[in-house]
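Structure first, commentary second.
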Amino acid sequence: MISDHLAILELTYCLIAAVTLVPLFNKLGLGSVLGYLFAGILLGPWGFQFVTQNDSVIALSDIGIIFLFFVIGLEISPQRLIALRDKIFIHGASQVFITTALLTLGLYLYKFSIHQSLLIGFALAISSTAYALNFLKDSNDIAHNYGQISMGILLFQDIIVIPMLLVIPLMSPTFSGSVVLSWSGILQSLGLFALVSFVGVKLLKKFIGYIYKTQSSEIFMASCLLIVLATATVMKQIGFSTGLGAFMAGVFLANSEVKLEIKKTILPFKSMLMGLFFIKIGMGLNFAIVFEFLGKMLLFTSFLISVKFAILYWIAKSHQEERIKCIKVGVLLSEAGEFSFIILAAAFHNKILMETTYEFLLTTVTMSMFVAPILFRVVKHFEKEKTLAVSGNVVSIDSLKTEKPIVADLKPSAIIDQAA
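Listed below in C-alpha cells is the structure:
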C-alpha cells in the first residue's frame, strides 16, 4: 500500500510540474519538450527530490513511446508519401545520411568505436518534429515551399528511426552469435509477421469502422487503445519490437475513413505519456557530469548545430530557395530531437554507450533544443526587418505605431518576396 501511495504521489508531482512548466515554456517559444525536461530536473535528485522511485513513471513513459510510433504510422499514407516523395526520399534521405556520415567519421576519428560512432551520429542527425512543426504552424509557413521541405525531411527521419531501433540490439556487445535465430526460425518469424500484417490490413479497418458506427465514444476509445497495445504485444511475442508493432498498426489504419477520429483519441494519451518520458530523461540528467564537461558540451553542441545547419542550408539551396528560406530550414532543423533521446536510451540500455558518454550526449541534445528556438526567433526577426525594407528604404517600427498610414512604392518583386 505504501509503494502504491508513493507511486500515485510521485505521478501527482509529475503532473503538477508539467501543467505548470510546459505552458510557460511554450509561451517563451522554447517548446513543450524542454518544459518536460526541466520539470524532470526539478523533481529529480538534482532538484527538489520529490520523485525517488520512478518505476511507475518509467512504465507509463514506455507506453508513451508505443503510442508515438502508432501516430507516426497513421501519418504514413500513400497519398502523403506521393505528394512529398521528392522532399522525403531525396532531401530527407540526403540530410540523414550525409549528417550521419560526417558525424560518424568525426566521432570515429575521436576514438569512438564504429558502432558507437554510427549510433551517436544517427541519433544526433534527427531533428525535433514537435518543435519544428509548432514553429511552422505558428508562423503559418507550413504550406510554403521551405515548410514542405522541412516536413519532408522530418517525415523521412520519423520513418528511418524504426529500422534503426530494430538494429540497435544487434550492435550490443552482449549480443552473441549463438543467440542468432536459425534460418528456419527467421523464416518462421517473417511468416508470422506477414500473417499479422495481412490480418491487420484486412480486419483492423473493418473492426474500427464497425466500432465507430456504434456511436459509443468510450468503446471507440477502448478499441483504439486495444488495437495499439494488442498489435505491439503480438509483434513482441513473435520476435519484433513493440514499437514496430504499434507503427504497423498505424500504417494499417492510415487510409481508414475514421483516421482523424482515431488520431484525436490517441493523441492526448501519446502527448501525456511522452511528457512522462521526457520528465524521466530530465530526472536522469547527471549534473556532476554536466559541470565537469560543460566546456566540451558547449563546444560539441556548437559543432553539431553548425554541421546540421550547413547540410540543411545546402539541401534547401539545391531546391532553388532564396537565402533567407535556406537559413530558416537550416536553423529550424539544426537541433537534435525527441527521437535522439529514444535512440540514445536504447543504446545505453544495450550497453553500447557508457554512462558518462550517455549523460554527456543527453545534455548536448538538451542544449541544442534550447539554442535552436532562440536562433530561429533571431532569424524571424531579421526576416521581418527585411520585409519592412521596401524600395531600398527601411520603414522603422516606431513609424508603424503612428496613426497616419504609410504608403510605400512597392515594386512587383518586393510584393512577391513578402508573399513568399
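What the sequence shown shows, in the working numbering, is residues 4 to 423, in sequence order.
By construction, the Cβ of each residue, glycine as well, lies at the ideal position given by its N, Cα and C atoms.
Note that the structure is predicted; figures quoted are calculated from it, not measured.
| Item | Value |
| --- | --- |
| Quick one: Cα of residue 104 to Cα of residue 124, how far? | 7 angstroms |
| Would residue 162 be called buried (16 or more neighbouring beta carbons within 10 Å of its own) or exposed? | buried |
| How big is the Cα-Cα spacing for residue 205 and residue 238? | 17 angstroms |
| Quick check: the Cα distance between residue 95 and residue 389, rounded to an integer number of angstroms? | 29 angstroms |
| What first and last residue would you give for the alpha helix (DSSP H) that runs through residue 224? | 220 to 240 |
| Taking the straight line between their C-alpha atoms, what separation do you get for residue 254 and residue 272? | 19 angstroms |
| Report all residues from its chain with a CB closer than 8 angstroms to the CB of residue 149; omit the five preceding and five following residues, and keep chain order. | 319, 324, 328, 329, 331, 332 |
| Is the separation between the beta-carbon of residue 311 and that of residue 102 shorter than 8 angstroms? | yes |
| Got a sec, what are the start and stop residues for the alpha helix (DSSP H) residue 49 sits in? | It is not in any alpha helix (DSSP H) - residue 49 carries neither H nor E in the DSSP assignment. |
| For the alpha helix (DSSP H) that residue 145 lies in, which residues bound it at each end? | Unbroken run through residue 145: none, as it is neither H nor E. |
| Count the other CB atoms within 10 Å of the CB of residue 308; is the residue buried (16 or more) or exposed (fewer)? | buried |
| On the three-state DSSP scale, how would you describe residue 316? | helix |
| Which residues bound the alpha helix (DSSP H) around residue 109? | 96 to 112 |
| Whole angstroms are fine: how far does the CA of residue 216 sit from the CA of residue 350? | 44 angstroms |
| Taking the alpha-carbon positions, what's the residue 41 to residue 282 distance? | 7 angstroms |
| Straight-line CA distance for residue 114 to residue 108? | 10 angstroms |
| Just to confirm, is the Cβ distance from residue 158 to residue 69 under 8 angstroms? | no |
| Residue 339: which of 358, 126, 117 sits nearest, CA to CA? | 126 |
| Would you identify the three-state DSSP class for residue 354, choosing helix, strand or coil? | coil |
| For the segment 255 to 269 against the segment 224 to 239, do three or more pairs of beta-carbon atoms, one drawn from each stretch, fall closer than 8 angstroms, so that the two count as touching? | yes |
| Quick test of your reading: residue 286 and residue 43, contact by CB under 8 angstroms. State the CB separation rounded to the nearest angstrom. | 4 angstroms |
| CA-CA distance, residue 359 and residue 203? | 42 angstroms |
| If you run the structure through DSSP and keep just helix, strand and coil, what is residue 129? | coil |
| Using only CA atoms, which one of 63, 383, 290 lies nearest to residue 473? | In this structure the chain extends from 4 to 423, so residue 473 is not present and cannot be described. |
| Using three-state DSSP, classify residue 244 as helix, strand or coil. | coil |
| Roughly how many angstroms lie between the CA atoms of residue 298 and residue 229, to the nearest whole one? | 48 angstroms |
| When burial is assigned at 16 or more other CB atoms within 10 Å of the CB, is residue 20 buried or exposed? | buried |
| Helix, strand or coil: which one does DSSP assign to residue 176? | coil |
| Helix, strand or coil for residue 261 per DSSP? | coil |
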